[in-house]
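**Q** Note that UniProt numbering gives residue 319 to position 319 of the sequence shown, counting from 1, and the numbers run on in steps of one.
Here a beta-carbon is modelled for each residue, glycine too, at the ideal position from N, C-alpha and C.
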Amino acid sequence: MTGAHNKQICSTWGNYHFKKFDGEMFHLPSTCSYIMCAMCGSSYEDFNIQLRRQVVNDQPIITNITMKLNSTVVELTKNSVKVDGREMNLPFSHSGILIYKSSFYVKVTAKHGLVATWNEDDTFTVELDMMHLNKICGLCGDFSGIQSHNEFIKDDADRSPYDYGYIKPDSSTESCIEQMSSTKPCNEMLGKMMGERALGKGNYRDHILPTPVCEQLLSGPSFSSCKDIVPLDAFIKACELDMCFCTNKTRSFCVCRTISEYSRQCIQAGGKPGPWIKEQFCDQSCPYHNMVYQECGNPCINTCTNPDRSHICKDQCIDGCFCPEGYLFDDLSDRGCITKNQCPCIHNGKIYEPGQTYRSNCKECTCVDNLWSCEDRDCPGTCSVEGGSHITTYDGRTYSFHGDCTYVLSKTRDNEFTVLGDLMKCGFTVTETCLKAVTIFLSKRNTVFRIQSDGKVFVNKTYSQLPLSIADAMIFKPTTFFIIVQTSFGLELEIQLIPVMQVYIKVDVTYKQKTTGLCGNFNSIQADDFITISGSPEATAVDFANGWKAQANCPDVKNSFEDPCSLSLDNERYAKKWCSLLSDPDGVFAPCHKEISPDIYEMICMYDACNCEKSEDCMCAVLSSYVHNCAAKGINLPHWRNIACSKFSASCPDNMVYSYNVQNNSRSCRCNSDPDFTCDVTFEPVDGCICAEGTFLDEEAKCVPLSSCFCYSKGTVILPGEVINRDGTTCTCKDGKLSCIGKRTRQQSCPHPMVFFDCTSAAPESTGSECQKSCNTLDMACISSECISGCMCPSGLVSDGMGGCIKEDLCPCIHNGILHQPGDTIKVDCNSCTCKDRKWECTTNPCHGTCLVHGDGHYITFDGKRYTFDGECEYTLITDYCGHANANGTLRVLTENIPCGSTGATCSKAVRLFLGNKELKLTDGGYQIFHRDEGVDIPYQILIRGIYMVIEANNGLIVMWDQRANVLIKLSPNFKGAICGLCGNFDGNANNDFMLRSQEVVIKPLDFGNDWKESDSCPVTMEIRNPCSNNPYRQSWAQKECSIIKSGVFATCHYQVDPNHFYDACVRDSCACDSGGDRECLCTAIAAYAQACNEAGACVAWRTPKICPLFCDYYNAPGKCDWQYKPCGAPCLQTCRNPTGQCSSQILTLEGCYPKCPPGHPYFDEDTMKCVKKEQCGCYDKEGKHYNDQEIVPSKENCQIWYAIVSCKQIQSTIIKCSFNFLNVCLKAIASPWRSTANTMQPVGTHFKYLFIYIRTSSFLHWHFIK
């Protein structure tokens, strides 16, 4: 909790009492509506606050509060909150306004430095930031800071509080009661009360508080910490006034409210009042029997879902009902206060008591101490190729690649099996690609299966009819939509044929860490899935996939960053209409949202529906992929084809019907009369056409219509009307023949030393150029469908991948698309790799992790998971207070979005760091440091590097913040697997990054993000906004401006860092910032990509005078040019705070304005932004506070010098050092009177010509002199 704050307070309470910002108190008994506080003397009114009282049960209660906050009107009444006339549930947050309940109070905070608090009864408080000084009018005064000044002026005339108060905002229309204070002397009334009490007459028992009691209570031991910080006399007079003018029936109410207000004022001033409420006096009841009332309790209550919230509370203590020490509030089952081991857990909205268990596909979880303790069970790995270009690895990493060759999808390291996929261009654009065939090679059985997109199956190049069983494999067709391959050794393929060819490859858990290829290495770590056959990790999907070509004669595919939906408005509308069905929370796909997030599928659907010539086929393929994967998780989605893609279910062949859920292959003539091996097999649910009830499929059945002829090319089947590219020409299948346009590029003359191989004169088993060995395919088996004529290297040489031939031992290594010769060394993160025998040999040093938070809620976790969550609260990015190790934590990093624009988009962030016993608050323009009562001391330093503020702690944490909306966190590998929060758990496995506080892993970013908000008073984010849909008029502008990320400006980076994620984030944020901050959001988004490029080693100078300029010349003195913009400035500078110029190697090169200090002034002063001499630097204490040379430096330790003899002498580190500890002197010293003068301590009435020092103990300050 925080202590006293720098805001000023105005309040009203009880019996019509008011206390102005400047401290004066007055009494204004009236039930009229008044302006409590408003902006005055300005053309624009930031806020206007009005309130009204009514007498309820003889007690004056505040019944209505109206606040105009900028253009938003907030109305508060008992149990009701309205915003712009609409009733709202609490908590509520929008456009910088937050309304929530805290203990007995409703609190309203606004972004312009205003906090209003109401107890829904008699008390209302307004807190204002000092930025509003001398700008206020109303009953709260003018906020001038001068109490004696007459603040009530109207029509150029001084007014009394009563006269001023009666000038009401709506006096012409309202009916209210105004009464001046009674003229009967207070002393006379009190005398009568005391007399009646002494004689035992009248209602003397109602006179519970004679005048002395006011003073006794307010100056009693409960308020000992208050008397020096809150004026006591004014509250005693208010208490006496309550005694005088409140009736016997209401006197207790009046007096209790005044004493309560005194307690609140004491807390706000930094005091800690003790308990003063008695059972028979001002008693407070609590909503739960096991709660206790406290005068100064922590408003951040520890709950079952957030058991350590109180440790990072930034609010002051408040009065209210709280759980006793050692108890948590049960916010799950609403049982009041319970111990931690009684806390339940929650899973998918269901409450589980301690000890209860739930089971899912691959794990079993038990509720223990409000945490899920899960035991992972080894499960098979599944890889998919969907839509002809979208691949999901065994470890769950999804990427897109538009190939034009045969690629290794998956293979074992010992070549037990190899699965190849033919990805080919099938349209007029380079990005329209299709999966045309899947080939399975079983090396130990010397058998090759090939399944084509038309459903034909070949075994060792021979056409075979299904079902069949050969070489420990079964191949059968359970529906018209699917062919299934099952083996006896743990490999299974589900090959979808309709509406487009897709494949799902499943491998047994025994193949963990034994696979390679486009499907990854199956080790539960997504981050290393992009490892090529040479052993190096690639940065982009294109370089990775090019490394797994199975044919050397295919050219490498280039990056394509085109957004197909931006090319056609009609296509985009079509895609949005149908693809949005996936994420509809009330739609047919919603039952699966808890298991599989629809976000990535919706994104792929939009791309494919816009990109494909046959939009409906591609769109339906994505929808069917989502349904198929949900079925694999045990969630069937029947009837989805009633709302989309019905043409495929309605077009079954004669005597066939469509089924959503087929899990066996028994409906055939063979199974009915003489069952074979395929009749008893089971598999994951698939859909498609099957024989109708009472009919059976015979051996001659054709599930694909034969009314049209197909075309053939190089063993590939082309459907009627389909378009392919062949030898540089574009060919269309028409009437069974290929009609081609364009010039053929086939050549029979080859560059030296290549020779042309002509299949027409070759032996029958020849493969030709299709199996040309290259440096990249030497370790791969070639599976050829036919002989291909073309240029080949002569015997003894292999293709070098660039059109030439090379000896095998001279083959280079490839990394990020660049060739490296044998012996070359590259740097990959913190490791070095050397090229040897075509492969990279790399060191295995553990590296720092990086988490990036950029723009309006875009995250890249330590393990590489990307997601968007744009909540409006304060959230935990990282912490090591996780799970059962909660008590051993040392750090937290929290961030809060600062909104702008009508959509509430983020323009900047506020960052809070908790390092042991320190809290660092970073805000735009500076930082603050607070001491905490818990935690160890963790040394750190704060650096300014370009536009970034850098916090480097010696526990391995580095935070780099651009002082706007981008935060980059580097973390030592010592924290691997030991952290949690929005940056994930840093264990290498991105699949479990969405881990909640309870250690349950969820699917949706919304569930994950909301769980890591730090305050229950902040509302749950209900949806992730799509600002381009809300502001469609801005989308074209955003796409145009953000296209710089995909342009040639960043070409050197595109092979290092995939720009697509950053481009999408840029467009989204630029659509959202729609009121004055649009360029700022745009520039922040581009800068995020530029910094990611910097980290990858690609320095890009992208800013220009017209594109997001940084005006460094502002810092230059007239006629000087010491300051210059650098896109990648030096991470370490020789500064006054860091005179050695040494810092962590993990600090990145950061962009911004950098000084070039001359030799005579080599030190950069980050406070004055000037180059200075060493002796001009001064010194800095541990909190970074600056002291000039020889300046007095107070000590915070016992028995240390206050006026240091060496004061602030320059030392190498510029850190202040006090002289030795005067422990003996401290114990023997005699207390002497002293007084404070400014920032120093001096003895009272005595002057010594000797040098004297002050020695501080925990109880006294002593002084001691030395000759």
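(1) If you draw a straight line from the alpha carbon of C1157 to that of Y1163, how long is it in whole angstroms?
(2) Assuming the contact rule is C-beta atoms closer than 8 Å, E874 and E1095 should be a hit. Round their C-beta distance to whole Å, please.
(3) Can you name the residues that DSSP bridges to M25?
(4) For I475, list the residues DSSP reports as bridge partners.
(5) Taking R413 as the reference, which of R726, T439, T516 and T433 has the closest Cα?
(6) Decide if the segment 268–277 is in contact with the segment 218–230; the criterion is three or more beta carbon pairs, one per stretch, under 8 Å apart.
(7) Rounded to a whole number of angstroms, what is the C-alpha to C-alpha distance between P344 and K350?
(8) Please list the segments of the beta strand (DSSP E) lying wholly inside the segment 1122–1195, counting only runs of 3 or more residues, in order along the chain.
(9) According to the Cβ coordinates, are E765 and E786 closer than 9 Å?
(10) Taking the Cβ atom as the reference point for each residue, do Y1055 and T540 lie within a distance shorter than 9 Å?
(11) What distance in whole Å lies between the Cβ atoms of Y504 and L491, which are believed to be in contact at a cut-off of 8 Å?
(12) Any idea which residues DSSP pairs I951 with across the strands?
(13) Please classify Y601 as buried or exposed, where buried requires at least 16 neighbouring CB atoms within 10 angstroms.
(14) Taking the DSSP output, what are the residues bridged to A116?
(15) So if DSSP puts L409 in a beta bridge, which residue, or which two residues, is it bridged to?
(16) When DSSP labels each residue in this structure, what does R309 get in the three-state scheme?
(17) Quick check: the segment 834–851 against the segment 571–591, are there 3 or more CB pairs under 8 Å?
(18) What does the alpha-carbon distance come out to for the pair S95 and I318?
(19) At the level of alpha carbons, what is the spacing between T303 and G320?
(20) Would you mind listing the alpha helix (DSSP H) stretches within the segment 548–595 that are 4+ residues and don't spill past its ends, in chain order?
(21) Examine the Cβ distances between the segment 1058–1074 and the segment 1125–1132 and report whether three or more of them are shorter than 8 Å.
(22) When burial is assigned at 16 or more other CB atoms within 10 Å of the CB, is F428 buried or exposed?
(23) Grab me the residues of N989's own chain with a C-beta within less than 8 Å of its C-beta, minus the 5 sequence neighbours each way, in chain order.
(24) Can you find the residues in the same chain that come closer than 6 Å, C-beta to C-beta, to P685, ignoring five residues on each side of it along the sequence?
(25) Check the C-beta distance from C405 over to C554 and give it rounded, since I have them as a contact under 8 Å.
(26) For F530, which residues from the same chain have a beta carbon less than 6 Å from its beta carbon, with the 5 sequence-adjacent residues on both sides left out?
(27) Per the contact definition of three or more C-beta pairs closer than 8 Å, is the segment 818–829 in contact with the segment 782–797?
(28) Report back the beta-carbon spacing between T339 and G355 to the nearest angstrom; my notes put them in contact at under 8 Å.
(29) Quick check on L497: does DSSP put it in helix, strand or coil?
(30) Run through DSSP, which three-state label would D422 get?
(31) Does DSSP put V1057 in a helix, in a strand, or in coil?
(32) Mind reading off the beta-carbon distance from I635 to E952? Whole number of angstroms is fine, and I expect it under 8 Å.
(33) Taking only beta-carbon positions, decide if Q1091 is within less than 9 Å of chain C.
(34) Determine the direct distance from the alpha carbon of D142 to that of L128, and round the result to whole angstroms.
(35) Return the Cβ separation of V108 and E120 in integer angstroms, given the expectation that the two are a contact with Cβ distance under 8 Å.
(36) Using the three-state DSSP reduction, which class does P185 fall into: helix, strand or coil?
**A** Reading it off the structure:
(1) The sequence position of residue 1157 within the sequence shown is 1157, counting from 1. The sequence position of residue 1163 within the sequence shown is 1163, counting from 1. Straight-line spacing of the CA atoms in C1157 and Y1163 works out to 7 Å.
(2) One-based indexing of the sequence shown puts residue 874 at position 874. One-based indexing of the sequence shown puts residue 1095 at position 1095. About 27 Å; that fails the 8 Å criterion.
(3) The count along the sequence shown starts at 1 and reaches residue 25 at position 25. The partner list for M25 (beta bridge, DSSP) reads K19.
(4) As a first step, residue 475 must be located in the sequence shown, where it is residue number 475. According to DSSP, which records beta bridges pairwise, I475 is partnered with L468 and V485.
(5) Here residue 413 refers to the residue found at position 413 of the sequence shown. Ranking the options by Cα distance to R413, first place goes to T516.
(6) The segment 268–277 makes contact with the segment 218–230: 3 or more CB pairs, one atom from each, lie closer than 8 Å.
(7) What you label residue 344 is simply residue 344 of the sequence shown in a count that begins at 1. What you label residue 350 is simply residue 350 of the sequence shown in a count that begins at 1. Going by C-alpha positions, P344 is about 10 Å away from K350.
(8) Runs of the beta strand (DSSP E) spanning 3 or more residues and lying entirely within the segment 1122–1195 occur at 1123–1129, 1150–1155, 1163–1165 and 1170–1172, in chain order.
(9) Within the sequence shown, residue 765 is the residue found at index 765, counting from 1. Within the sequence shown, residue 786 is the residue found at index 786, counting from 1. No, they are not a contact pair.
(10) Counting from 1 along the sequence shown, the entry for residue 1055 is found at position 1055. Counting from 1 along the sequence shown, the entry for residue 540 is found at position 540. Against a cut-off of 9 Å, the Cβ pair of T540 and Y1055 comes out as a contact.
(11) Translated into positions along the sequence shown, residue 491 becomes position 491. Translated into positions along the sequence shown, residue 504 becomes position 504. Actually they do not touch by this definition, with Cβ atoms about 12 Å apart.
(12) The residue labelled residue 951 in the question sits at position 951 within the sequence shown. DSSP, once it has assigned bridges, lists I942 and V959 as partnering I951.
(13) Position 601 of the sequence shown, counted from the first residue, corresponds to residue 601. Sixteen is the threshold: when 16 or more other Cβ atoms of the shown chains lie within 10 Å of the Cβ of Y601, as they do, the residue is buried.
(14) Your numbering for residue 116 matches position 116 in the sequence shown. According to DSSP, A116 bridges with V108 and V126.
(15) Your numbering for residue 409 matches position 409 in the sequence shown. As computed with DSSP, L409 is found in no beta bridge at all.
(16) Within the sequence shown, residue 309 is the residue found at index 309, counting from 1. It is helical.
(17) No contact exists between the segment 834–851 and the segment 571–591.
(18) In the sequence shown, residue 95 corresponds to position 95, counting from 1. In the sequence shown, residue 318 corresponds to position 318, counting from 1. Distance between the alpha carbons of S95 and I318 is about 27 Å.
(19) Translated into the one-based positions of the sequence shown, residue 303 becomes position 303. Translated into the one-based positions of the sequence shown, residue 320 becomes position 320. Answer to the nearest angstrom: the Cα atoms are 16 Å apart.
(20) Fully enclosed alpha helix (DSSP H) runs of 4 or longer: 569–579.
(21) Between the segment 1058–1074 and the segment 1125–1132 there are fewer than three inter-stretch CB-CB distances shorter than 8 Å, so the stretches are not counted as touching.
(22) Your numbering for residue 428 matches position 428 in the sequence shown. F428 should be labelled exposed.
(23) Start at 1 with the first residue of the sequence shown, and residue 989 comes out as number 989. In its chain, beyond the 5 residues on either side, D395, S524, I525, Q526 and D863 have a beta carbon closer than 8 Å to the beta carbon of N989.
(24) For the purposes of this step, residue 685 is identified with residue 685 of the sequence shown, where counting begins at 1. A distance below 6 Å between beta-carbons, with the five flanking residues on each side excluded, links P685 to the following residues of its chain, in chain order: A631, N661 and Q663.
(25) Position 405 of the sequence shown, counted from the start, is the residue given in the question as residue 405. Position 554 of the sequence shown, counted from the start, is the residue given in the question as residue 554. About 3 Å separates the two Cβ atoms, so the contact holds.
(26) As a working note, residue 530 is residue 530 in the sequence shown. Same-chain partners within the cutoff: P537, E538 and F544.
(27) No, they do not touch.
(28) Here residue 339 is taken as the residue at index 339 of the sequence shown, counted from 1. Here residue 355 is taken as the residue at index 355 of the sequence shown, counted from 1. Not a contact, Cβ separation roughly 15 Å.
(29) As a working mapping, residue 497 is identified with position 497 in the sequence shown. Note: L497 maps to coil in three-state DSSP.
(30) Along the sequence shown, read from residue 1 onward, the residue named residue 422 stands at position 422. If DSSP states are grouped into helix, strand and coil, D422 belongs with the strands.
(31) The residue you call residue 1057 lines up with position 1057 of the sequence shown. Correct three-state label for V1057: coil.
(32) In the sequence shown, residue 635 corresponds to position 635, counting from 1. In the sequence shown, residue 952 corresponds to position 952, counting from 1. Beta-carbon to beta-carbon, I635 and E952 are separated by about 47 Å, too far to satisfy the 8 Å threshold.
(33) This model lacks chain C altogether, as it is built from one protein chain only.
(34) For the purposes of this step, residue 128 is taken as the residue at position 128 of the sequence shown. For the purposes of this step, residue 142 is taken as the residue at position 142 of the sequence shown. One alpha carbon belongs to L128, the other to D142, and they sit about 12 Å apart.
(35) In the sequence shown, counting from the first residue as 1, residue 108 sits at position 108. In the sequence shown, counting from the first residue as 1, residue 120 sits at position 120. In fact, because the Cβ distance is near 13 Å, the residues do not count as touching under 8 Å.
(36) Taking the sequence shown and counting its residues from 1, one reaches residue 185 at position 185. The pLDDT assigned to P185 is 48, lower than 50, so where the model puts this residue is not dependable; a value taken from the coordinates is nonetheless given after this. Residue state, collapsed to three classes: coil.
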